[in-house]
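Novice: One structure follows; several queries about it will come next.
There are 2 protein chains.
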Amino acid sequence: MEPLKCSLAIEAASVPLRRKISNYPEPFFSRMLKRDKRALGEFFGLKTFGVNLTRLAPGGESALMHRHGKQDEFVYVIEGVATLVTDRGEVELRAGMCSGFAAGGVAHQLVNRSGADVLYLEIGDRQRGDSVEYPYDDLAAGLDADGQWVFTHKDGRPY
Amino acid sequence: MEPLKCSLAIEAASVPLRRKISNYPEPFFSRMLKRDKRALGEFFGLKTFGVNLTRLAPGGESALMHRHGKQDEFVYVIEGVATLVTDRGEVELRAGMCSGFAAGGVAHQLVNRSGADVLYLEIGDRQRGDSVEYPYDDLAAGLDADGQWVFTHKDGRPY
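The listed protein sequences derive, respectively, from chains A and B.
Each residue of the first sequence is one higher than the one before, starting from 1 at the first, in the working numbering.
Each residue of the second sequence is one higher than the one before, starting from 1 at the first, in the working numbering.
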């Protein structure tokens, strides 16, 4: 048999941090500096969905308020208290709580309004031709033919 | 806006148990009686991947040793100590540890050799035309055109 490309299992917190902090252009990029991600699924070579162990420091946010056109998403809180902000209302997420966001559903983001870190798992699929709508910001995103995110203003001008 | 079909978030442990214990035919079905699952992703209407909160009582197993032809899988242990058994060796998974199984990779199962329950999240995508290989049991599985699992003996005879 081929040698294993990585160990059979790992402590999630010991997977290296993702080097790229965010794909967003400024002024949105800087809002993501209180967030870090460990790409757990990628560590094991998974391709059809991603699983990240994400940490939000106090004041941090998971992403801009957004909804995907094709991607389903899911979050499960491991530690701390996050606030799930949506265009249908807000709710506190404590350890052991979860939420899911079907493609085209509620716009959402997690924010950390507490004084301690929040640690959660986030899962998203890898649908081709996905797009993202940002209801509160002058930003639009789409996946290009190479699977790279392209960000523009809402009127289509590049950033 | 349309009314929300379910709450924005939920305590994972309060999602109802899946009624169907296992799709396996006997004598394999009975081996799954020490396992229960809460379909968290389905609760939120997700379609491209599933997220289950799964509990193994002492002596329980997650599944027969298997590998998927197309589906990527991932597990994250929340509570207790599971043993990950694979065709490349075994390793203990404690809370905060994770493992991923790329389609066509190592055959695997989780077993609970401890004296306490094990609680973990399991994630799998929903690739059409998936199949499952069971290296140690006279069983083969494939998804039919309606997305239902069909189990046969390895020589193709039905169960």
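Using N, Cα and C, we set each Cβ at its ideal position, and we do this for glycine too.
Here the structure is a predicted model, which means the values were calculated and not measured.
For A141 (chain B), does the three-state DSSP call read helix, strand or coil?
Specialist: A141 (chain B): strand per DSSP, three-state reduction.
Novice: Do we get a CB-CB distance below 8 Å when we pair K47 (chain A) with the residues of chain B?
Specialist: So yes, K47 (chain A) belongs to the interface.
Novice: Find the nearest neighbour of R18 (chain A) within the set A:H153, A:F29, A:L110 and A:T54, judged by alpha-carbon distance.
Specialist: The candidate whose alpha carbon is nearest that of R18 (chain A) is A:T54.
Novice: According to DSSP, simplified to helix, strand and coil, what is E92 (chain B)?
Specialist: In this structure, E92 (chain B) counts as strand in the three-state DSSP scheme.
Novice: Using three-state DSSP, classify S114 (chain A) as helix, strand or coil.
Specialist: Note: S114 (chain A) maps to coil in three-state DSSP.
Novice: Which residues share a DSSP beta bridge with N52 (chain B)?
Specialist: In the DSSP output, where bridge partners are listed per residue, N52 (chain B) has B:A39 and B:E122.
Novice: Would you say T86 (chain A) faces chain B, with C-beta separation under 8 Å as the test?
Specialist: Yes, its Cβ sits closer than 8 Å to a Cβ of chain B.
Novice: With a threshold of 7 Å on Cβ separation, who are the neighbours of Q71 (chain B) within its own chain once the five nearest residues in sequence on each side are excluded?
Specialist: Cβ within range, chain order: A103, G124, D125, Q127 and D130.
Novice: Using a Cβ-Cβ distance under 8 Å, would F29 (chain B) count as near chain A?
Specialist: By this cut-off, F29 (chain B) is not an interface position.
Novice: For the stretch 92–111 of chain A, list every residue whose C-beta sits within 9 Å of some C-beta in chain B, in sequence order.
Specialist: Correct list: E92, L93, R94, G96, M97, C98, S99, G100, F101, A102, A103, G105, V106 and H108.
Novice: So if DSSP puts P158 (chain A) in a beta bridge, which residue, or which two residues, is it bridged to?
Specialist: BP columns for P158 (chain A) point to A:T152.
Novice: Tell me whether the stretch 38–51 of chain B and the stretch 85–94 of chain B touch, counting them as touching only if at least three CB pairs, one residue from each stretch, are closer than 8 Å.
Specialist: The stretch 38–51 of chain B, when compared against the stretch 85–94 of chain B, does not touch it at the 8 Å Cβ threshold.
Novice: Check the C-beta distance from L139 (chain B) over to L64 (chain B) and give it rounded, since I have them as a contact under 8 Å.
Specialist: Confirmed, about 7 Å.
Novice: Comparing alpha-carbon positions, which option in A:V111, A:V81 and A:H108 lies nearest M97 (chain A)?
Specialist: Checking every option, the nearest Cα to that of M97 (chain A) belongs to A:V81.
Novice: So for S131 (chain A), helix, strand or coil by DSSP?
Specialist: Strand, per DSSP.
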